[in-house]
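To keep things clear, I will list the structure first and then write my remarks on it.
Residue numbers (my numbering): 1197 to 1351.
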């Protein structure tokens, strides 16, 4: 937890105690969706039957976030939307959101708290692993922290 909090401080996000999963509710989802759409991204929900195991995606050329209809609860929708919003932040910023010195700390935090998230990075080509690491890490943050990061990187 200390590592996660120090990373948040470095990212410039207000640090608070961990927020329970119930804060990742429809209100938080709507707040992030509205921010994304206010900055030009289109957020849509679709059946993604042709893309097995895909929960969502960010299509940069069309500036569109797709949330697949596979989620069982608002916390899962939040996780996917925040993950895809991180990819939108990377597009706004034009590069990685974090300094290279922080990448190992982010990976260790995910390994400790969400090992399946870190393990799934191996499914991606090496060239995409950093952007996926940042997105997976961001998706686990408190909604207020994600909104703050969005404001920082996308204005």
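Every residue gets a Cβ at the ideal spot worked out from N, C-alpha and C, and that includes glycine.
In this text, all values refer to a predicted model and were calculated from it rather than measured experimentally.
Quick check on this structure: which residue in the options has the alpha carbon closest to the alpha carbon of residue i?
i            : options                : result
residue 1275 : 1345, 1347, 1301, 1333 : 1333
residue 1282 : 1261, 1227, 1319       : 1261
residue 1289 : 1229, 1222, 1298, 1348 : 1348
residue 1229 : 1317, 1316, 1284       : 1284
residue 1272 : 1344, 1307, 1351, 1225 : 1225
residue 1329 : 1302, 1287, 1291, 1220 : 1302
residue 1323 : 1292, 1297, 1222       : 1292
residue 1278 : 1299, 1253, 1257       : 1253
Return helix, strand or coil for residue i, following the three-state DSSP convention.
i            : result
residue 1254 : strand
residue 1238 : strand
residue 1249 : coil
residue 1219 : helix
residue 1266 : coil
residue 1229 : helix
residue 1300 : helix
For residue i, write down the residues that DSSP places opposite it in a beta bridge.
i            : result
residue 1261 : 1239, 1254
Decide if residue i is buried, meaning its Cβ has at least 16 other Cβ atoms within 10 Å, or exposed.
i            : result
residue 1255 : exposed
residue 1232 : buried
residue 1250 : exposed
Where does the unbroken alpha helix (DSSP H) through residue i begin, and where does it stop?
i            : result
residue 1273 : 1270-1289
residue 1424 : Outside the displayed span of the chain (1197 to 1351) sits residue 1424, for which this structure offers no information.
residue 1375 : A query on residue 1375 cannot be resolved here, the shown segment of the chain reaching from 1197 to 1351 and no further.
residue 1348 : 1339-1350
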